[in-house]
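Going by numbering that gives the first Met the number 0, the sequence shown opens with residue 0, and the numbers climb by one from there.
Even for Gly, the Cβ is constructed at its ideal location relative to N, Cα and C.
Below you'll find the structure, written out as structure tokens, and then a few comments.
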Amino acid sequence: MHRQWKQGGPKRNTPKDIVVKPKSEYELLFRYACLYWSIPVSSGYGRRIRFLVFGKNNSKLIGLFSLGDPVYSIQAQDRWIDWTMKTTYTT
């Protein structure tokens, strides 16, 4: 590794993201990778989309992320934003 840094650093590995579809091999890999997180992961509620990030040069898993709907009806959050039942459900 020291030799690589002398020659200008490791080879650039461009990330490539893949959408994780239900009941796929990627879903199993996503679930397995989540076991190593320090924060618990749940299937949750609402719409969610999950991604695995692989390196294009070596096809190794280099990351993962998930996007989901915002959470509604949390009293502390709603008071801070100044949401009421009327403003929340009329927009």
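Between F64 and F50 a beta carbon distance of about 5 Å is seen, short of the 8 Å cut, so the two are scored as contacting. Assignment of I61 by DSSP, reduced to helix, strand and coil, places it in the strand class. The Cβ neighbour count for Y35, taken over all protein chains shown within 10 Å, is under 16; the residue is labelled exposed. For the set N56, I73 and L60, the Cα lying nearest the Cα of T13 is the one of N56. In this structure, G62 keeps its C-beta atom at 8 Å or more from the C-beta atom of R47.
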